[in-house]
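See structure below.
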Amino acid sequence: MEKTFKITTPEGLHARPTALLVSAVTGFKAEVELIYKEKSVNLKSIMGVMSQGILPGGVVTISANGVDADKLMETVTEVIITKGIGEEC
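Letter 81 of the sequence shown, counting from 1, is numbered 80 in numbering that gives the first Met the number 0, and no numbers are missing.
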């Protein structure tokens, strides 16, 4: 399962929104990755996500596989939209 989002925060995906996303997915069993400019990192790794250098307007794909992937994607979507991190494409 995967979804695409456009990052809308003025600073891009910096420390605060990254921490919100990582903490939102850490408790899930599913594997989850964030893909930006054809480079994939584990969304459960704050350093991995920060290393992407995602700028405002950047388009990311989040992919999840596992028993609770559906719930994980619902949570990610909710966090991204309600916290003003981005919008679904």
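All C-beta atoms in this analysis are idealised placements derived from N, C-alpha and C, irrespective of residue type, glycine included.
For L19, which residues from the same chain have a beta carbon less than 8 Å from its beta carbon, with the 5 sequence-adjacent residues on both sides left out? V78, K82 and I84
Just mark V66 as buried or exposed, buried being the case when its beta carbon has 16 or more other beta carbons within 10 Å. Exposed, because fewer than 16 other Cβ atoms sit within 10 Å of the Cβ of V66.
Please identify the residue among R15, G11, P16 and L42 whose C-alpha is closest to the C-alpha of G26. L42
K70 to L54, Cα distance in whole Å? The C-alpha of K70 lies about 27 Å from the C-alpha of L54.
Kindly indicate which residue of A14, V21, Y35 and S22 has the alpha-carbon position closest to the one of T60. Y35
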